[in-house]
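Going down the list, the protein sequences come from chains A and B.
The numbering of the first sequence is the numbering used here, which starts it at 18 and goes up by one.
The numbering of the second sequence is the numbering used here, which starts it at 12 and goes up by one.
Okay, so here's the structure we're looking at.
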Amino acid sequence: MKDSLIEQGDLRSGDEVMRLRRMGSMFPSRLSFLRTLTRRLIADGSRVSRPHWQIDGDGYGTSVYTVTLGGHCYSLFAITQPLDPDMRTDRVIAEAWDAAFVLYDGVPDAAEVARLSSQAPLQEAGRFTEKDLCLSRANKSVRLFEQIVGALRGGSALPMGMIHQIGYLMRTTAVYGNGKFGIADRRVMAQRPGLEGPFMAEMLTVWLIRTFTHDLVEHMGGGPLPARVKRQLGIGNSTGLGMAPFLVSHPLLLHSWMICRETALARVRAAQIDGGAAQRLIVLARRAAQHLLEWNIPDPMHQARIVTLRQEWACLTQGMTEAGLCQEGAVEALLDRSRAGSCDLQELAVSWLIEPFGDLVDGLIECMANPFNPVLHAQMSCEELRALLQEHCEFATEIDFTDPQASAQFWYVSEAKLEPRIGQRQSEPGEDRESPLDIARRIQDLAKDLPGHSGPIWQFLAQFPEHRYAVQRVQALAQNPYAEIRDNLVDADMAPIDMLRCKLSFFGASKFDPKSQLWTRITLAQGAPLAQDLADGNACDDWWLPVSAP
Amino acid sequence: MIVSSNELQMLVLKACRGVGVPMGQSQEVAVALLESPQALGALLPHLAQPMKPAKFDFSEGLTVHDASLLRDFSACADAAVLGVWPVRICGLAACDLAHALARSRGLSIAAAAADVVFTGKDAMRPEVSRGAVVPEIWQQVARFAALTYVPETDASRLGGAGAGLSDND
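See below:
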């Protein structure tokens, strides 16, 4: 196997990587799932067709897009309906949307289109079948949508400034997979070529939704958008707390994602850079600088981070030459210099350095799916477990939980449409129904009860059944160093936005636009190939960090 | 009523958590019912039953008194898997759920008078597939799952999700 022969440098440690501040600084990379999908669509020679289009002049109706991938046909069913502006919210508690979507296994016939037309707009209140692979909905970016329709109808200039700044015509507000509301379980597609990677069905869904939004605005405007403009229009997404617990409830999957990214970096650190790769790094560094210039958001704290990053990036990359990059140790020197800057700078540098080395790193995507969960090793002795706690869990055992600030927040699920929320422990009810995301506190509780016990851990757990979950996680962490977020997820200063950004960067999101510490908007697939690019044979996977004029 | 495997697993996990079963054991019960959904009805009496502290006697194999099936079966299964013998859970019926929990660990059990005893380590874990559940049973389990949901307040609606209520930009 080629991969087994690839040299690699040292991996960054779990203590360094798995900190919220760093996870909250991550950028998309060529290992991100949308990038993987587009490479797969290109390699497969996939084609998109539109076998059904019944949309009226106001943009309301149904349509179906069909794509071939890995020997299977999948269809996006889309339905648009009028929406009272008072009802337009991106939150889970919404009950109506501008558009609803289902990724369907095969091509729906008329009866199935009728079924989907009745159920998809209901979203969480609907019932779905194993033919339905993903369920999603989206709201318009109202101003941009109307401006583009108006420009197309009137033959006036497109609002290019808004197009570059906003970057999408609609925002998805949820993309449900894995059995939710009766749709197919992940198991159904886990072995299918092209969908075997994590969140591939969800990524295919959002990429097809993007195609639909382009067609919809052209249909309503009565004229075509130039392909270069459509490439600039990705698909937005609003994401809140619902996404964060996934990283905690899937520790081994999180480890797989992280170790693939870290292994990619380690391989690049050991690689000899030739002239071609050096030139590519220089081009990509300029693109990153332009991307940072074009990334402007309302939130002052996050905008300040971007401004700082622009300066740091300029310092890191100034004076860079092809000859200099080809010298031995150049990558290490760049990484060393980045460590003098912010986490944002360091993580941007990681994604940048990986980008030119597809031949070294792209094979790692086959290791990013992981269906397993931690399993208790019941024969382990209490002494062995104590040693693991000492060696791997300082991040949890050193926290002073007698300080109320250390457990000031709690995660919960509201009975209002089961919207995930965060509460203040001292002032809000619901602590008794707290969601189990307080991993550090649970590990510390285990560490406090363990002294004085000996023998196999199963006997300890018989008497202390509440520690079973923590023991499993400690044992898993010892073997999987990126399986745990090494921070206190109930601390007063904990910002869930960091967890969201980590996960969304793996999806391939860019232009993070946080609306609070609990909520962000993002852009997906901006700059990605169009369905027409696939048909024309000129699609390419060169859209890391989209810019307005690539 | 046809439900997905994930729906079943998540509902059972929340129902167990809702009545105070620790997270690790709740996960194992959820996996067992994912593999043996026909045992869902047998879960209900155990969800409704208060849990009191169990007494573990390790002097000869393992004997457990006052066990809660949902909370304490895991430790008994650990012992059986590791070859501890005999393992006996006193005063517990060998219901469908107990068999499902055992199968999920590759174990088999049998009734012995009023007790459950572990009898083997070669049980086949069932294939997972989506299937039919009785709607009335599903609704009853859902009521236990709802014990993990926090009632809405104006403060939580406005502040708990970190987002506003209008997105007409």
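Built from N, CA and C at the ideal position, the CB exists for glycine as well.
Compare the Cα-Cα distances from residue i to each of the options and report the closest residue.
i                : options                                       : result
leucine 45(B)    : Leu19(B), Val98(B) and Asp126(B)              : Leu19(B)
proline 262(A)   : Leu463(A), His394(A), Pro437(A) and Val65(A)  : Pro437(A)
glutamine 569(A) : Arg67(A), Val234(A) and Asp32(A)              : The structure shown does not extend to residue 569(A), since chain A is modelled only from 18 to 567, so the question has no answer here.
aspartate 2(A)   : Leu225(A), Ala566(A) and Ala155(A)            : Because chain A spans 18 through 567 in this model, residue 2(A) falls outside it and cannot be assessed.
glutamine 289(A) : Cys557(A), Gln25(A) and Ala566(A)             : Gln25(A)
glutamate 432(A) : Asp83(B), Pro56(B), Glu138(B) and Leu158(B)   : Leu158(B)
aspartate 126(A) : Gly196(A), Ser30(A), Val81(A) and Pro268(A)   : Val81(A)
serine 190(B)    : Ala53(B), Asp180(B) and Val98(B)              : The question about residue 190(B) has no answer here: the residues shown for chain B are numbered 12 through 180.
glycine 102(B)   : Ala153(B), Ala124(B), Cys87(B) and Val161(B)  : Ala124(B)
asparagine 17(B) : Ile416(A), Cys399(A), Gly196(A) and Gln136(A) : Gly196(A)
threonine 190(A) : Trp70(A), Gly257(A) and Cys277(A)             : Gly257(A)
leucine 333(A)   : Glu345(A), Met318(A) and Leu370(A)            : Leu370(A)
glutamine 534(A) : Asp149(A), Cys277(A), Gly440(A) and Asp75(A)  : Gly440(A)
alanine 105(B)   : Ala90(B), Val128(B), Lys63(B) and Arg116(B)   : Val128(B)
Using a Cβ-Cβ distance under 9 angstroms, would residue i count as near chain B?
i                 : result
arginine 203(A)   : yes
glutamate 445(A)  : yes
arginine 442(A)   : no
aspartate 103(A)  : yes
glycine 196(A)    : yes
aspartate 122(A)  : no
aspartate 20(A)   : A caution first: aspartate 20(A) carries a pLDDT of 49, below 50, which makes its placement in the model unreliable, though a value can still be read off. Not one chain B Cβ lies under 9 angstroms of aspartate 20(A).
isoleucine 539(A) : no
leucine 150(A)    : no
histidine 484(A)  : yes
asparagine 156(A) : yes
aspartate 550(A)  : no
lysine 532(A)     : yes
glycine 199(A)    : yes
proline 268(A)    : no
Mind checking if residue i is an interface residue toward chain A, Cβ cutoff 9 angstroms exclusive?
i                    : result
isoleucine 13(B)     : yes
methionine 135(B)    : no
arginine 168(B)      : yes
cysteine 101(B)      : no
glutamate 46(B)      : no
arginine 185(B)      : This structure cannot settle anything about residue 185(B), because the visible part of chain B is limited to 12 through 180.
aspartate 165(B)     : no
aspartate 77(B)      : no
valine 152(B)        : no
threonine 74(B)      : no
leucine 158(B)       : yes
aspartate 107(B)     : no
serine 4(B)          : In the structure as shown, chain B begins at 12 and stops at 180. Residue 4(B) is therefore absent and cannot be evaluated.
glutamate 18(B)      : yes
aspartate 126(B)     : no
serine 85(B)         : yes
proline 162(B)       : yes
glycine 171(B)       : yes
phenylalanine 129(B) : no
So, at 6 angstroms on beta carbons, what are the nonlocal neighbours of residue i in its own chain, with the 5 sequence-adjacent residues on each side left out?
i                 : result
isoleucine 539(A) : Asn254, Leu521, Ala526 and Phe529
methionine 576(A) : Outside the displayed span of chain A (18 to 567) sits residue 576(A), for which this structure offers no information.
aspartate 20(A)   : At aspartate 20(A), the pLDDT of 49 sits below 50, so the modelled position is not reliable; the number obtained from the coordinates is stated separately. Taken in chain order, the residues that qualify are Gly380.
alanine 113(A)    : Leu100 and Met104
cysteine 360(A)   : Arg38, Arg39 and Ser42
tryptophan 561(A) : Glu372
So, for residue i: in the same chain, excluding its five sequence neighbours on each side, which residues have a beta-carbon less than 7 angstroms away from its beta-carbon?
i                 : result
isoleucine 183(A) : Ser158 and Leu161
serine 452(A)     : Pro262, Trp428, Tyr429 and Val430
alanine 566(A)    : none
For residue i, I'd like the list of residues in its chain whose CB is within less than 8 angstroms of its CB, leaving aside the five on either flank, ordered along the chain.
i                 : result
methionine 337(A) : Leu298, Ile299 and Ala302
glutamine 296(A)  : Glu339
isoleucine 148(B) : Leu51, Gly52 and Leu55
Subject >> Cβ-based contacts, 9 angstroms cut-off: residues of the region 421–437 of chain A near chain B >> reply: Tyr429, Val430, Ser431, Glu432, Ala433, Leu435, Glu436 and Pro437
Subject >> Any 3 or more C-beta pairs closer than 8 angstroms across the region 108–118 of chain A and the region 81–89 of chain A >> reply: no
Subject >> Under 8 angstroms (Cβ pairs) to chain B, residues found in the region 254–266 of chain A >> reply: Ser255, Gly257 and Leu258
**OP:** Evaluate the contact criterion for the region 355–364 of chain A versus the region 380–390 of chain A: three or more CB pairs, one atom per stretch, below 8 angstroms.
**Re:** Because the criterion of three Cβ pairs below 8 angstroms is not met, the region 355–364 of chain A and the region 380–390 of chain A do not touch.
Original post:
If you pair each beta-carbon of the region 210–218 of chain A with each one of the region 30–47 of chain A, do three or more pairs fall below 8 angstroms?
Top reply: no
Subject >> the region 31–60 of chain B: positions lying closer than 7 angstroms to chain A by Cβ >> reply: Pro33, Met34, Gly35 and Gln36
Original post:
When the Cβ atoms of the region 193–204 of chain A are set against those of the region 366–378 of chain A, are three or more pairs found closer than 8 angstroms?
Top reply: At 8 angstroms Cβ cutoff, the stretches do not touch.
Subject >> Segment contact flag, the region 142–161 of chain B with the region 70–77 of chain A, C-beta cutoff 8 angstroms, min 3 pairs >> reply: Verdict: no, contact absent.
**OP:** Using a Cβ-Cβ cut-off of less than 9 angstroms, list which residues of the region 453–486 of chain A approach chain B; keep chain order.
**Re:** Pro453, Arg459, Gly472, Pro473, Ile474, Trp475, Gln476, Leu478, Ala479, Gln480, Pro482, Glu483, His484, Arg485 and Tyr486
**OP:** Please name the residues in the region 375–397 of chain A whose beta-carbon is closer than 8 angstroms to at least one beta-carbon of chain B, in chain order.
**Re:** When C-beta distances to chain B are compared with 8 angstroms, the residues of the region 375–397 of chain A below that value are Asn390, Leu393, Ala395 and Gln396, in chain order.
**OP:** Check whether the region 488–505 of chain A touches the region 260–278 of chain A, taking contact to mean three or more Cβ pairs, one atom from each stretch, closer than 8 angstroms.
**Re:** yes
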